[in-house]
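Read through the structure below, which is laid out as structure tokens, and then see the notes.
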Amino acid sequence: MGSVQAIRPARYHRSRRLLRRCAICDLFEFVAPPDPPKEIMAEGAVLLRGAALPVETELLAALNDITATSPFRHLVTPGGYTMSVAMTNCGVAGWVSDRTGYRYDQIDPETGNPWPAMPDCFLDLAVAAATEAGYREFRPDACLINRYEPGARLSLHQDKNERNFAHPIVSVSLGLPAKFQFGGLKRNDPVKTFAVRHGDVAVWGGPSRLCYHGVPVLKEGYHATVGRLRINLTFRAAR
Numbered sequence: 000m001g002s003v004q005a006i007r008p009a010r011y012h013r014s015r016r017l018l019r020r021c022a023i024c025d026l027f028e029f030v031a032p033p034d035p036p037k038e039i040m041a042e043g044a045v046l047l048r049g050a051a052l053p054v055e056t057e058l059l060a061a062l063n064d065i066t067a068t069s070p071f072r073h074l075v076t077p078g079g080y081t082m083s084v085a086m087t088n089c090g091v092a093g094w095v096s097d098r099t100g101y102r103y104d105q106i107d108p109e110t111g112n113p114w115p116a117m118p119d120c121f122l123d124l125a126v127a128a129a130t131e132a133g134y135r136e137f138r139p140d141a142c143l144i145n146r147y148e149p150g151a152r153l154s155l156h157q158d159k160n161e162r163n164f165a166h167p168i169v170s171v172s173l174g175l176p177a178k179f180q181f182g183g184l185k186r187n188d189p190v191k192t193f194a195v196r197h198g199d200v201a202v203w204g205g206p207s208r209l210c211y212h213g214v215p216v217l218k219e220g221y222h223a224t225v226g227r228l229r230i231n232l233t234f235r236a237a238r
């Protein structure tokens, strides 16, 4: 009896270790692999994962300065629809919308003053991201800033109020995660969906410059730095 009692604990412990190893293997089998640092969305369009993280503190501080001068507001479309996404701008011109149409204007219509200058940290990030994506000549002169609260959305659209489509769009995500929809040159073309998170930067130009894109309804959540918001910085060469 003594010899049997001595053997059984050893077998028991070996079995327990084997079960733990199997459980760990099963766990990792179902864990999604990390996103690649540079993800191709389409020809001429890339998603740079975490590219804005090294300068997030500077970006958010500069954003506070911008909105103190030109606060967020909900624009009205030419059709009379009030957009769920709040917007403001910085740079030499700002994108605006009202019942007369979409356009760029050097003057903030709410304050009657020029838009705030584009901060250096904004410009440096946009140029670096564009260069990484292959657009080395990009120098943005406008940044449209979108603020999403849970429930807000931006329907599929093209960025086509700029004068020269040879320049790309650079889009920086901050705060809550979202789904970024990226389609084709026609509204009814197939649409791919990419998860975008705090610090991700999307760049599209060349053959993808006029692709339809949008953000479906933002889900409820809380980000440690930004709170219940998603901020999107969209850099363009408007003039």
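Per numbering that gives the first Met the number 0, the sequence shown starts with residue 0, numbered consecutively.
By construction, the Cβ of each residue, glycine as well, lies at the ideal position given by its N, Cα and C atoms.
Just so you know, these numbers come straight off a predicted model, no measurement behind them.
If you follow the alpha helix (DSSP H) that residue i is part of, which residue opens it and which one closes it?
i	result
I65	E55 to T68
F121	D119 to E131
Identify the continuous beta strand (DSSP E) that holds residue i and give its terminal residues.
i	result
V275	Because the chain here runs from 0 to 238, residue 275 falls outside it and cannot be looked at.
D104	G100 to D104
S154	L153 to H156
H212	H212 to V214
N231	R229 to R235
K178	A177 to F181
N145	A141 to Y147
C173	What sits at residue 173 in the sequence shown is Leu, not Cys. Per DSSP, L173 belongs to the beta strand (DSSP E) from I168 to G174.
K191	K191 to V195
What is the DSSP secondary structure of residue i, reduced to helix, strand or coil?
i	result
F71	coil
A44	strand
C89	strand
T224	coil
E219	coil
R238	coil
D34	coil
P206	helix
W94	strand
Of the choices the options, whose alpha-carbon is the least far from that of residue i?
i	options	result
F234	R138, V84 and L46	R138
S96	G79, C89 and N112	G79
K37	P215, L217, D199 and N231	D199
P70	P77, L59 and A85	A85
L228	L175, R135 and A151	L175
K159	E219, V195, Y211 and M82	Y211
V131	P77, H197, P167 and V190	The identity of residue 131 in the sequence shown is Glu, whereas the question assumes Val. It is P167 whose Cα lies nearest to the Cα of E131.
T81	A177, S154 and V202	S154
F179	Y103, L217, C89 and Y101	L217
V190	F181, R196 and H197	F181
A116	T110, G226 and A61	A61
Between residue i and residue j, how many whole angstroms is the CB-CB distance? I'm expecting something under 8 Å.
i	j	result
A237	D140	6 Å
D107	W114	5 Å
F164	L209	6 Å
L277	F121	A question about residue 277 goes unanswered here, because the residues of the chain that appear run from 0 up to 238.
Would the region 61-71 count as touching the region 38-51 if we require 3 or more Cβ pairs under 8 Å? Cβ pair count under 8 Å is below three, so no.
Report yes or no: do the region 182-190 and the region 109-127 share at least 3 C-beta pairs separated by less than 8 Å? Taking 8 Å as the limit for Cβ pairs, the verdict is that the region 109-127 does not touch the region 182-190.
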